[in-house]
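Accompanying notes for the structure given below.
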Amino acid sequence: MKAWLYSSTNGGLEKNLVFSSDARTPGSPRGDQLLIQVISTAINPADYKAPAMSTVCGKVLIATTPASPGMDFCGRVIAVGSDTSARQFTPGQLVFGCLGIPQQFGTLGEFILASANNTAPLPLGVDPDAAATIGVAGRSSYQSIVPYISAAGNRVFINGGSGGCGVYAMQIAKLLGCHVTVTCSTRNVQFCRDLGADEVIDYTTQDVLEELKSQGQVFHHAVDHIGSPEDLYQECHTFLKPGKVFVQVGAPSMVTFAHRLIRPAFLGGGKRKYVALLMKNHKDELVQIASWIREGKIRVELDTVYEFEETVGAFERLRSGRTRGKIVIHVTNLDREAA
1 MKAWLYSSTN GGLEKNLVFS SDARTPGSPR GDQLLIQVIS TAINPADYKA PAMSTVCGKV
61 LIATTPASPG MDFCGRVIAV GSDTSARQFT PGQLVFGCLG IPQQFGTLGE FILASANNTA
121 PLPLGVDPDA AATIGVAGRS SYQSIVPYIS AAGNRVFING GSGGCGVYAM QIAKLLGCHV
181 TVTCSTRNVQ FCRDLGADEV IDYTTQDVLE ELKSQGQVFH HAVDHIGSPE DLYQECHTFL
241 KPGKVFVQVG APSMVTFAHR LIRPAFLGGG KRKYVALLMK NHKDELVQIA SWIREGKIRV
301 ELDTVYEFEE TVGAFERLRS GRTRGKIVIH VTNLDREAA
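Letter by letter, the sequence shown follows residues 1 to 339 of UniProt numbering.
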């Protein structure tokens, strides 16, 4: 099969990607597995961060190498395993989902093995490119918002509204009837408003923390996709109501997560509960988000769509930190019109 492969993360995963037109295939599906030909994949920061963070003495520990990056997918079932869960799918069926963690046979290879429990049928009317964005960004946003909203009218603060997760998070919060405040740069202010943000803080011209402090303890929930300002969690008690939660989805490095997680309040740490989000593979959430997309309740925003040979450029774009929505890569074009 064709695939982009890496064996090292030195200097950045994308600098180590090598295209192969005759890479080894993952083999036949067993148990609950489905053999899927990937149509589209959406890339996420975890696709390069997880392999890099798991590299010890130059060896990548999270996946057997050479490996293909990528976890999100929309594709066509080729063969099914023997378990009942796998037999619910049929060869030729269009599906989407997420591998959950980086694997040797990632979604930047033409074929993958995915668990039937982490895969859902593609609803009629949902584009494969849109479905490919749901796995990581859609479910991370769902899990960072839905469990913490107690009632319509709750005020939610989302740090980073225009990125892949932010776009999903603000729309999900609005679906639940929340009043949503987000941060973004000047060029994305109207973009965020068009997606439903009630208030927008332009971090290029305004002091985010001071703007939040000036409102007082009015927020019922906070989600951070950025990890800055550095003292945002430390000072969150000034804008987040007592007993409410600060969820960390993204940050520049694990140092941010560790510092905020282990520093106690009496030593200057945050005075609200801190949750470092570890996305869970819940199939029902895939189905729910796809349903919202089909119904027009969530709009999928694609920053850029790349062809397979442009994969290195796609990762360079992702690393720029200036994306508006998601980046999608077309892996195979064979059945795209039929899809």
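Every residue, glycine too, gets a C-beta built ideally from N, C-alpha and C.
Beta-carbon spacing of residue i, residue j below 9 Å
i	j	result
Ala86	Gln33	yes
Gly196	Val180	yes
Val300	Asp127	yes
Phe36	Phe111	Residue identity differs from the one stated: residue 36 is Ile in this sequence, not Phe. Yes, they are a contact pair.
Asn281	Gly70	no
Ser7	Thr84	no
Ser28	Ala79	yes
Gly12	Val167	no
Own chain, CB closer than 8 Å to residue i, minus 5 neighbours either side, in chain order
i	result
Thr304	Ala314, Arg317, Thr323, Ile327 and Val328
Ala251	Asp224, Ile226, Gly227 and Phe257
Leu232	Asn159, Val208, Leu209 and Asp224
Val200	Gly161, Thr181, Val182, Thr183, Cys184, Val189, Cys192 and Arg193
Gly153	Gly177, Cys178 and His179
Pro91	Val77, Ile78, Ala79 and Val80
Nearest-angstrom Cα separation, counted from residue j out to residue i
i	j	result
Val95	Gly296	19 Å
Ala222	Ser140	14 Å
Ile149	Asp224	16 Å
His330	Phe308	5 Å
Ala67	Arg319	20 Å
Leu286	Leu122	10 Å
Asn10	Gly243	43 Å
Gly58	Lys15	14 Å
Met1	Leu124	28 Å
Asn333	Asp284	28 Å
Met170	Ile145	9 Å
Val18	Val56	21 Å
Ala116	Leu267	46 Å
Ser102	Gln206	The identity of residue 102 in the sequence shown is Pro, whereas the question assumes Ser. Rounded to the nearest angstrom, the two C-alpha atoms are 38 Å apart.
Val38	Gly321	26 Å
Asn118	Ala265	38 Å
Gln88	Ser291	19 Å
His259	Glu230	10 Å
Leu302	Asp22	30 Å
Candidates the options, of which the one nearest residue i by Cα
i	options	result
Arg30	Gly81, Gly153 and Leu5	Gly81
Asp202	Lys241, Gln217, Ile158 and Pro242	Ile158
Thr311	Ser28, Asp47, Pro26 and Leu232	Asp47
Ser40	Cys74, Asn10, Gly92 and Asp22	Cys74
Cys192	Gly164, Val245, Lys213 and Gly177	Gly164
Pro147	Leu212, Ser21, Lys2 and His220	His220
Lys174	Leu124, Arg187, Ala151 and Thr186	Ala151
Arg272	Thr186, Thr238 and Gln190	Thr238
Leu240	Val249, Val218, Ser253 and Pro91	Val218
Val249	Thr25, Leu13 and Pro45	Pro45
Val275	Ala265, Gly269, Gln288 and Leu261	Leu261
Val247	Val156, Gly325, Ala265 and Tyr306	Val156
Leu113	Leu267, Ala290, Thr25 and Pro229	Thr25
Ile172	Leu302, Ile298 and Val38	Ile298
Ile289	Leu302, Gly97, Ala23 and Pro91	Gly97
Leu277	Met254, Glu230, Thr90 and Asn118	Met254
Own chain, CB closer than 6 Å to residue i, minus 5 neighbours either side, in chain order
i	result
Thr256	Gly227
Gln93	Val77
Leu61	Ser54
Ser20	Ala3 and Leu5
Gly270	Tyr233, Gln234 and Cys236
Arg294	Pro123, Gly125 and Val126
Arg263	Gly269
residue 361	Residue 361 is absent from the model: the chain starts at 1 and stops at 339.
Residues near residue i in its chain [Cβ-Cβ closer than 7 Å; skip 5 each side]
i	result
Met279	Val136, Arg139, Ser140 and Gln143
Thr204	Ser185 and Thr186
Asp198	His179, Val180 and Thr181
Val245	Tyr148, His221, Arg272, Lys273 and Val275
Proximity test, residue i beta-carbon vs the ligand PLP heavy atom, cut-off 8 Å
i	result
Lys241	This structure lacks the ligand PLP, and indeed carries no ligand of any kind.
Next on the checklist: Using a Cβ distance threshold of 8 Å, determine whether the stretch 50-57 contacts the stretch 130-146, with at least three qualifying pairs required.
Outcome noted: Contact between the stretch 50-57 and the stretch 130-146 is absent, with fewer than three C-beta pairs closer than 8 Å.
Next on the checklist: Does the stretch 204-216 come into contact with the stretch 94-111, if we say contact requires no fewer than three beta-carbon pairs (one atom in each stretch) closer than 8 Å?
Outcome noted: With a cut-off of 8 Å on Cβ pairs, the stretch 204-216 is not in contact with the stretch 94-111, counting fewer than three such pairs.
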